[in-house]
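Residue numbering for the sequence shown follows my numbering, starting at 129 and increasing by one per position. Heads up, the thing below is written out as structure tokens.
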Amino acid sequence: MASPPAGPLRRALRRLSRRFAGSTLQLIYEPRYALDLSGVGYDPRRGERILGFLSAEGLIGSEDVLRPESMSFHDLRRVHSDDYLEALSRPGALVPILGFAPPDGLAEAFLEAQRTMAGGTRLALELALGGAAPGDTAAQWPAAALKGPARPAVNLGGGFHHAFRDRGERFCAFNDVAAAIASLRVRGYPGKILVVDLDLHDGDGTRSILVGDPRTHTLSIHNLTTAPATENSTIVELGPNVEDDAYLAALRRTLPPLAEKFAPDLAIYLAGADPAAGDAIGDWRLSPAGMLARDRFVIERLGALKAPPRIAIVLAGGYGKGAWRYPARFLAWLASGREIEPPSSEEALLFRFRTLARTLSAHQLTAEDESDRPSAGSRAAGEADAPPEFDDWGLTADDLAPAPGTGLGKPSRFLGFYSRSGVELALERAGLLERLRARGYDRPTIELDLGQPAGDTARLYGDAAKRDLLMEIRVRLDRRLLPGVPLLHLEWLLLQDPRASFPPGKAGLPGQQHPGLGLLAEVMALLVAACDRLGLDGISFVPSYYHLAAKGRRLLRLLDPDDEARIASLEEALGDRSLSEATRLVAEGKVVDAETGEPFAWRPMVMILPTREELAARFETPEYERYAAVRRAFRVL
Numbered sequence: 129m130a131s132p133p134a135g136p137l138r139r140a141l142r143r144l145s146r147r148f149a150g151s152t153l154q155l156i157y158e159p160r161y162a163l164d165l166s167g168v169g170y171d172p173r174r175g176e177r178i179l180g181f182l183s184a185e186g187l188i189g190s191e192d193v194l195r196p197e198s199m200s201f202h203d204l205r206r207v208h209s210d211d212y213l214e215a216l217s218r219p220g221a222l223v224p225i226l227g228f229a230p231p232d233g234l235a236e237a238f239l240e241a242q243r244t245m246a247g248g249t250r251l252a253l254e255l256a257l258g259g260a261a262p263g264d265t266a267a268q269w270p271a272a273a274l275k276g277p278a279r280p281a282v283n284l285g286g287g288f289h290h291a292f293r294d295r296g297e298r299f300c301a302f303n304d305v306a307a308a309i310a311s312l313r314v315r316g317y318p319g320k321i322l323v324v325d326l327d328l329h330d331g332d333g334t335r336s337i338l339v340g341d342p343r344t345h346t347l348s349i350h351n352l353t354t355a356p357a358t359e360n361s362t363i364v365e366l367g368p369n370v371e372d373d374a375y376l377a378a379l380r381r382t383l384p385p386l387a388e389k390f391a392p393d394l395a396i397y398l399a400g401a402d403p404a405a406g407d408a409i410g411d412w413r414l415s416p417a418g419m420l421a422r423d424r425f426v427i428e429r430l431g432a433l434k435a436p437p438r439i440a441i442v443l444a445g446g447y448g449k450g451a452w453r454y455p456a457r458f459l460a461w462l463a464s465g466r467e468i469e470p471p472s473s474e475e476a477l478l479f480r481f482r483t484l485a486r487t488l489s490a491h492q493l494t495a496e497d498e499s500d501r502p503s504a505g506s507r508a509a510g511e512a513d514a515p516p517e518f519d520d521w522g523l524t525a526d527d528l529a530p531a532p533g534t535g536l537g538k539p540s541r542f543l544g545f546y547s548r549s550g551v552e553l554a555l556e557r558a559g560l561l562e563r564l565r566a567r568g569y570d571r572p573t574i575e576l577d578l579g580q581p582a583g584d585t586a587r588l589y590g591d592a593a594k595r596d597l598l599m600e601i602r603v604r605l606d607r608r609l610l611p612g613v614p615l616l617h618l619e620w621l622l623l624q625d626p627r628a629s630f631p632p633g634k635a636g637l638p639g640q641q642h643p644g645l646g647l648l649a650e651v652m653a654l655l656v657a658a659c660d661r662l663g664l665d666g667i668s669f670v671p672s673y674y675h676l677a678a679k680g681r682r683l684l685r686l687l688d689p690d691d692e693a694r695i696a697s698l699e700e701a702l703g704d705r706s707l708s709e710a711t712r713l714v715a716e717g718k719v720v721d722a723e724t725g726e727p728f729a730w731r732p733m734v735m736i737l738p739t740r741e742e743l744a745a746r747f748e749t750p751e752y753e754r755y756a757a758v759r760r761a762f763r764v765l
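This is the structure:
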């Protein structure tokens, strides 16, 4: 049975153990991996989510993560033709690869991201072989690099196995595995290399490029064969709708005899997550337990060989926001020997942004010099202490915000703390502005409207002329809703892409004039980090429509347990309907009380996102759970 995420004490013990014993993993990641490319189903943040989870569990430290260099075209020429590489710079070159033509700047960023991940795969092979230097020749390869156990090296990207010598296909422009192997060969590496490709799809491009190297062998277990087998390859086609038992049986009868016969010195494992049930583009149905059993079998079986090979791992496919959790489980087991259940994507995002906030000092966010800082210890009596890691000079929002009517002039700080440049810095470091630039909004511009009765407002435009409004958020400090519990009240939040259009036949949700940006979770995570910074206990919010409450329940709880029960009852009655349809039915009075026939009437309901354990405990009492569990019978007309 998988263990839940570790508590603070267990994480601290793991960090202490890692400090003395060293990590069992070597990880490779570069922020350029996280390219937000609309129309492609992979999660650009999966590497960051995995790193955040492993760090939160105390399994890795910053010293365990290396940043690769981009692979040069000189290196890529060893596996790709000059004509193909030159053609990639022409307009429309990515249409056969992506299925659409991205803007020029985004096309260049896509190619650079894949070149960087190719460099990450090359670095993973070098680390797996003991960190051999790029200039090593055949005579200089240490004997220890050819056989024997070593720390696995993991590239949190790569696995572009559909790139052929003369073309790219299916999101793959450069074949990183083949290029990394070619880089070893040109430096004289003599060992035998086994490529274990367990992505859902056929490793056709890799197989075709490596056909001339008898010291390599590729194994691909996939749903559909898309290129013929070669003398140095093994292919297993299983067809659609495969589940755990059939898949694991095929792996167990194929890998052991192949590995024993070939006796590799180095194994490259493409640990694709797309065989999992629920994958956005996959047609297999492997469970989380089945996926982890697959990964464990590969590592344990290779490790049981008479002469175990060195091992490098790349992530390969996996589509949808939850796909990161499969490699996260695998790498947590690889690092700890235990099965640890990753958190939800939203929880992982919260941890990442809270960790990011620790790297930003208060003077960076307030734009104040150290000489201008108020002295520590000015906190009002009874004020809750901020967490130590955010306790910058003992300041709170009250310390920094002028009191109304004091004649100190118009406020110049968002929430009494953040300067305009500080807001921009937080958004930049969180990666949100870069994601907007990738959408074509190349001049993000921030505007603050402060000191209004309803709260402070921040607006983010996509251009310097402030024509394209992307985000508008209005928040205020609230100490009245729950006496003694300081909250950040979210009064209004707008996230929109004004240059986009709704798909044909699909209308927007209530209040939507344009499609959303897909950044709600990131914005909420930034607000949590702001609560930590300001010593606030949580975020409060009053949804004006059903869809806002339904989406909010992924992270927030209803303050009134009766409201929690009502919304849960609504969700059960509405079933699998889309949010837009469900919201329309509620608004039109089509959801009624099953006993009285009275339409469900929407009313203001306070939702809370606790950011401190003391507030979270209010929603975990037996009394709250008892009332929240009382379901009402609703039906849809």
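Each residue gets a CB set at the ideal place from its N, CA and C atoms; glycine is no exception. Owing to the predicted nature of the structure, the values given are computational and were not obtained by experimental measurement.
- DSSP places Tyr-589 within a strand segment (E or B) once states are collapsed to three.
- Secondary structure of Arg-731 (DSSP, three-state): coil.
- Measuring C-alpha to C-alpha distances from Leu-609 to each of Ser-668, Pro-392, Asp-660 and Lys-594 identifies Ser-668 as the nearest.
- Here Phe-228 is exposed, its C-beta having fewer than 16 other C-beta atoms within 10 Å.
- Membership of Arg-313 in the alpha helix (DSSP H) is indicated by the continuous run 304-314.
- Between Ala-281 and Leu-312, the CB-CB gap reaches or exceeds 8 Å.
- The way I'd put it, the segment 400-412 does touch the segment 444-454; three or more beta-carbon pairs between them come closer than 8 Å.
- Scanning the segment 701-726 for uninterrupted alpha helix (DSSP H) segments of 4 residues or longer gives 707-715, listed from N- to C-terminal end.
- Contact fails between the segment 358-366 and the segment 284-300, because fewer than three Cβ pairs, one in each stretch, are under 8 Å apart.
- Here Gln-154 carries a strand assignment [DSSP, helix/strand/coil].
- Close CB contacts of Leu-637 within its chain, under the 8 Å cut and outside five residues either way in sequence, are with Tyr-673, His-675, Leu-707, Ser-708 and Thr-711 (chain order).
- Judged by beta-carbon spacing, Ala-237 lies within the 8 Å limit of Ala-566, meaning their Cβ atoms are closer than that value.
- Using a Cβ distance threshold of 8 Å, Phe-425 and Lys-320 do not count as a contacting pair.
- The continuous alpha helix (DSSP H) containing Glu-556 extends over residues 548-557.
- Residue environment analysis places Ala-235 among the buried positions, since at least 16 neighbouring C-beta atoms fall within 10 angstroms of its C-beta.
- Cβ-Cβ distances below 8 Å link Val-193 to Leu-155, Ile-156, Tyr-157 and Leu-179 in the same chain, with the five nearest sequence neighbours on each side left out; the list follows chain order.
- For Glu-469, no alpha helix (DSSP H) encloses it, and the DSSP letter there is neither H nor E.
- Counting only unbroken stretches of 4 or more residues, the alpha helix (DSSP H) elements lying wholly within the segment 556-638 are 560-566, in sequence order.
- Here Phe-630 is exposed. Its C-beta has fewer than 16 other C-beta atoms within 10 Å.
- Beyond the five residues adjoining it in sequence on each side, Asp-203 comes within less than 7 Å, by CB distance, of Ala-307 and Ser-311 in the same chain, given in chain order.
- If you check the CB distance, Thr-573 and Ala-592 come in under 8 Å.
- For Gly-248, the three-state secondary structure derived from DSSP is helix.
- The beta-carbon distance between Leu-328 and Asp-211, rounded to whole angstroms, is 30 Å. This is too long to meet the 8 Å contact definition.
- Here the alpha carbons of Arg-587 and Arg-661 stand approximately 21 Å from one another.
- Considered as a whole, the segment 358-383 harbours no complete run of any alpha helix (DSSP H) with no fewer than 4 residues.
- Judged by their CB atoms, Ala-246 and Arg-160 are not nearer to each other than the 8 Å cut-off.
- Beta-bridge partners of Ala-404 (DSSP): Leu-414.
- In terms of Cβ geometry, Met-735 and Arg-685 form a close pair [threshold 8 Å].
- Phe-747 is positioned such that its CB atom lies no closer than 8 Å to that of Leu-698.
- Taking a 10 Å sphere around the C-beta of Glu-700, we find fewer than 16 other C-beta atoms and assign the residue as exposed.
- The continuous beta strand (DSSP E) containing Leu-394 extends over residues 394-398.
- In chain order, Leu-383, Pro-384 and Ala-387 place their CB closer than 8 Å to the CB of Arg-429, counting only its own chain and leaving out the 5 sequence neighbours on each side.
- Note that the C-beta distance between Arg-604 and Gly-583 is below 8 Å.
- Taking the Cα of Leu-322 as reference, the smallest distance to any Cα among Arg-315, Thr-334, Val-764 and Arg-763 is reached at Thr-334.
- Separation of Asp-665 and Val-613 (C-alpha to C-alpha, rounded to the nearest whole angstrom) is 6 Å.
- DSSP places Asp-665 outside both helix and strand once states are collapsed to three, so it counts as coil.
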